[in-house]
Amino acid sequence: MSPSQQIVKEVRWALWLTVLYIIGWTGFAYLLPDNRGLLGFPIWFELACVYLPCLFTLLIAIVVKYVFKEIDLESKE
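Okay, so the sequence shown: first residue is 5 according to my numbering, each after it adds one.
This is the structure in structure tokens:
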């Protein structure tokens, strides 16, 4: 795979993860009731601001480990 193809692949992954995070955060923050969660905060806050970032930190770590590759940007092709 050429470096430009790898860059496009990585950009697509980053864009989709960003879009999914925004959809998840918005859905949790605006569409859930004000019931209390496990930590005593409103459930929408816990899901949007505690659990979702933890989940996406894991997802991003997995994507960086298995999808992203080191590319030499200094080489001239």
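Ideal placement from N, C-alpha and C gives every residue a C-beta, glycine not left out.
Residue i in three-state terms, based on DSSP
i, result
"P7", "helix"
"P46", "strand"
Cutoff 8 Å; reference residue i; Cβ partners in own chain excluding five residues on either side
i, result
"V32", "The displayed chain sequence assigns Phe, not Val, to residue 32. Excluding positions up to five away in sequence, the list reads W48, L51, A52 and L56."
Segment limits, alpha helix (DSSP H) that includes residue i
i, result
"C58", "L56 to Y70"
Cut-off 7 Å between Cβ atoms - residues of its own chain near residue i, not counting five sequence neighbours on either side
i, result
"Y70", "none"
Of the listed residues the options, nearest to residue i (C-alpha basis)
i, options, result
"L42", "Q9, V54 and L35", "V54"
"C58", "Q10, K13 and G28", "G28"
Sequence-distant residues of the same chain with beta carbon closer than 6 Å to residue i, five excluded per side
i, result
"P7", "I75"
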